[in-house]
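Since the structure comes first, as structure tokens, the remarks are kept for the end.
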Ligand SMILES: Cc1ncc(COP(=O)(O)O)c(C=O)c1O
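In the working numbering, the protein residues as written are 145 to 509.
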């Protein structure tokens, strides 16, 4: 730490991203990326022509992307007989981390603060510290699911990852609606990074509630983790507030290539459905295999499983798998008995299972 760092940040504990080792080829199942390449439409959109325009600034309003997102959600919502969303109800960011950072900065404040479940996305307390916001954590239920009733009466801005970022457990939309509807003067942010693998999006509630902000990412279900594209959907007023933040900080927050890649990714519904269905099917296969190997796990609806086996401490399993070239995530803390494993392709999952079997054998010898 240099002597120039402001005192406010001297005790800041930064977020630790999952390892991205470059030393050897791993079966990489630690950061919940998609095992599939981006849609062919994305590859086509990243044309030489677009690259040759990199000397010019990107569109600060990311219109091509925002339009594609509004169109996609409108098609889904109208398909359910609901009102669609306009382009003015969409905000695009450099990954959903940036969207969440703007939302924390804009909507929490030193007086109001922010409340989130005790187990969730590890970035929430870091954002709170970074923006000097008081925060409260709401205890989980005994089965590690989010306790919706625990938010009743709280005045803080609420942030919930649904499905949960560590357990994968999905809180039914009816419970989300209860949290949103019980205090219309409290903003509720639903972070749906993992919603596309089996959950139902709270975007269906946007037309009914102007105190709801839904955040999604293209990092998990749309093969663009390296493209850094996230977005939010809410009332026009909330989106205007997020724009105010963005235009006061980094107007060109999305680069040219990410804008066209994101628009192409959200435009390819067929590829999206096919790849998310494959991941969901592999997740269910893995549940069966892990159960047969004597593991227990949370009922994840995300693209990962949180698993544990009484005879193998979580950290030991993580290290043993790493040695065998399979990278999973040991989250430590309240979940130190577990490891979190991203659902990979069928071939990756077979390698994972083979490595797990070897570890079990070695430990029992
Ligand atoms: C719950 C949750 N929200 C947001 C993010 C951030 O995703 P990104 O910034 O890649 O869009 C993650 C990443 O793992 C996550 O788990």
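Note that CB positions come from ideal geometry on N, CA and C, so glycine has one too.
Original post:
Are the Cβ atoms of residue 302 and residue 259 separated by less than 8 Å?
Top reply: Indexing the chain shown from 1 puts residue 302 at position 158. Indexing the chain shown from 1 puts residue 259 at position 115. Yes; because the gap between Cβ atoms is below 8 Å, this pair is in contact.
Subject >> Nearest to residue 197 (by Cα), restricted to the options 479, 420, 480, 400 >> reply: By 1-based counting over the chain shown, the position of residue 197 is 53. Nearest C-alpha to residue 197: 400.
**OP:** Kindly indicate which residue of 456, 206, 304, 404 has the alpha-carbon position closest to the one of residue 438.
**Re:** One-based indexing of the chain shown puts residue 438 at position 294. Of 456, 206, 304, 404, the residue nearest in Cα terms is 456.
Original post:
Should residue 340 be listed as close to ligand 1, given that the test is whether its C-beta is under 7 Å from any heavy atom?
Top reply: On the chain shown, position 196 is the one that residue 340 refers to. Checking every heavy atom of ligand 1 against the Cβ of residue 340, none is found closer than 7 Å.
**OP:** Return the residue from the list 213, 269, 377 that minimises the CA-CA distance to residue 352.
**Re:** The sequence position of residue 352 within the chain shown is 208, counting from 1. Checking every option, the nearest Cα to that of residue 352 belongs to 377.
**OP:** List the whole-angstrom C-beta distance separating residue 413 from residue 216, where the pair is believed to meet the contact cut-off of C-beta under 8 Å.
**Re:** As a position in the chain shown, residue 413 is number 269, starting the count at 1. As a position in the chain shown, residue 216 is number 72, starting the count at 1. Confirmed, about 7 Å.
**OP:** Look up residue 431 in the DSSP assignment and say whether it is helix, strand or coil.
**Re:** The sequence position of residue 431 within the chain shown is 287, counting from 1. The answer is helix: DSSP assigns residue 431 an H, G or I state.
**OP:** Inspect the CB distances between the segment 258-276 and the segment 401-420 and report whether three or more fall short of 8 Å.
**Re:** no
Original post:
If you follow the alpha helix (DSSP H) that residue 401 is part of, which residue opens it and which one closes it?
Top reply: Your numbering for residue 401 matches position 257 in the chain shown. Per DSSP, residue 401 is one residue of the alpha helix (DSSP H) stretching across 400-411.
Subject >> Any residue whose CB is nearer than 5 Å to a heavy atom belonging to ligand 1, listed in chain order >> reply: 239, 240, 241, 265, 305, 309, 335, 337, 361, 363, 374
**OP:** Have a look at residue 362 and residue 255 and give me their C-alpha separation to the nearest angstrom.
**Re:** Within the chain shown, residue 362 is the residue found at index 218, counting from 1. Within the chain shown, residue 255 is the residue found at index 111, counting from 1. One C-alpha to the other measures close to 33 Å.
Original post:
So with Cβ pairs under 8 Å, would you call residue 459 a contact of chain D?
Top reply: Checking the listed chains, one finds no chain D in this structure; it contains a single protein chain.
Original post:
Any contact of the segment 412-428 with the segment 177-191, i.e. 3+ C-beta pairs under 8 Å?
Top reply: yes
**OP:** Take the Cβ of residue 375 as the centre, count every other Cβ of all protein chains shown within 10 Å, and call the residue buried at 16 or more, exposed below.
**Re:** In the chain shown, residue 375 corresponds to position 231, counting from 1. So residue 375 ends up on the buried side.
**OP:** Entirely within the segment 301-383 and at least 3 residues each: give me those beta strand (DSSP E) ranges in chain order.
**Re:** 301-305, 332-335, 356-361, 374-377
Original post:
Is there contact here, the segment 421-436 with the segment 205-215, by at least three beta-carbon pairs under 8 Å?
Top reply: They do not touch, by the three-pair rule.
**OP:** Quick one: residues in its chain with C-beta nearer than 7 Å to the C-beta of residue 511, no 5 flanking neighbours on either side, listed in chain order?
**Re:** No answer is possible for residue 511: it lies beyond the span of the chain, which begins at 145 and ends at 509.
**OP:** Return the chain-ordered list of same chain residues with a C-beta closer than 8 Å to the C-beta of residue 452, the five sequence neighbours on each side being excluded.
**Re:** As a working note, residue 452 is residue 308 in the chain shown. Hits under 8 Å: 439, 440, 441, 458, 481, 482, 483.
Original post:
Around the C-beta of residue 444, are 16 or more other C-beta atoms found within 10 angstroms, so that it is buried, or is it exposed?
Top reply: Your numbering for residue 444 matches position 300 in the chain shown. Per the 10 Å Cβ criterion, buried.
Subject >> Boundaries (first-last residue) of the beta strand (DSSP E) holding residue 251 >> reply: The residue given as residue 251 occupies position 107 in the chain shown. Secondary structure note for residue 251: it is in no beta strand (DSSP E), and the uninterrupted alpha helix (DSSP H) holding it is 239-251.
Original post:
Taking just the CA atoms, how far does residue 308 sit from residue 343?
Top reply: Mapped onto the chain shown, residue 343 falls at position 199. Mapped onto the chain shown, residue 308 falls at position 164. The straight-line gap from Cα to Cα measures roughly 11 Å.
**OP:** Grab the span of the beta strand (DSSP E) containing residue 261 for me, first residue to last.
**Re:** Residue mapping note: residue 261 aligns to position 117 of the chain shown, counting from 1. Element bounds for residue 261: 258-261.
Original post:
Measuring CA to CA, which of 340, 203, 233 is closest to residue 384?
Top reply: Residue 384 sits at position 240 when you count from the first residue of the chain shown. From the listed residues 340, 203, 233, the smallest Cα separation to residue 384 is found for 233.
Original post:
For residue 195, which three-state DSSP category applies?
Top reply: Sequence index remark: in the chain shown, residue 195 carries index 51 (1-based). Residue 195 falls in the helix class under three-state DSSP.
**OP:** Assign residue 371 to one of two classes, buried (16 or more other C-beta atoms within 10 Å of its C-beta) or exposed (fewer than that).
**Re:** Locating residue 371 in the chain shown gives position 227, where the first residue counts as 1. With 16 or more other CB atoms across the displayed protein chains lying within 10 angstroms of its CB, residue 371 is buried.
Subject >> Which residues DSSP lists as bridging residue 452, in chain order >> reply: By 1-based counting over the chain shown, the position of residue 452 is 308. The beta-bridge partner set that DSSP reports for residue 452 consists of 440.
**OP:** Have a look at residue 496 and residue 369 and give me their C-alpha separation to the nearest angstrom.
**Re:** If you number the chain shown from 1, residue 496 lands on position 352. If you number the chain shown from 1, residue 369 lands on position 225. A direct Cα-Cα distance of roughly 22 Å separates residue 496 from residue 369.
Original post:
If we count the other Cβ atoms within 10 Å of its Cβ and call it buried at 16 or more, is residue 151 buried or exposed?
Top reply: Mapped onto the chain shown, residue 151 falls at position 7. Exposed, since its Cβ has fewer than 16 Cβ neighbours within 10 Å.
Original post:
Who are the Cβ neighbours of residue 169 in its own chain at under 8 Å, not counting the five residues just before and after it?
Top reply: For the purposes of this step, residue 169 is taken as residue 25 along the chain shown, with counting starting at 1. Excluding positions up to five away in sequence, the list reads 469.
Subject >> residue 108: first and last residue of the uninterrupted beta strand (DSSP E) it sits in >> reply: Outside the displayed span of the chain (145 to 509) sits residue 108, for which this structure offers no information.
**OP:** Quick one: measure Cβ to Cβ for residue 364 and residue 178, integer angstroms, because I've assumed they're closer than 8 Å.
**Re:** Sequence index remark: in the chain shown, residue 364 carries index 220 (1-based). Sequence index remark: in the chain shown, residue 178 carries index 34 (1-based). Contact flag correct, Cβ pair sits at about 6 Å.
**OP:** Run the CB neighbour count on residue 160, radius 10 Å, all protein chains shown included, and call it buried at 16 or more, exposed below.
**Re:** Stepping through the chain shown from its first residue, residue 160 is reached at position 16. Exposed: under 16 other Cβ atoms inside 10 Å.
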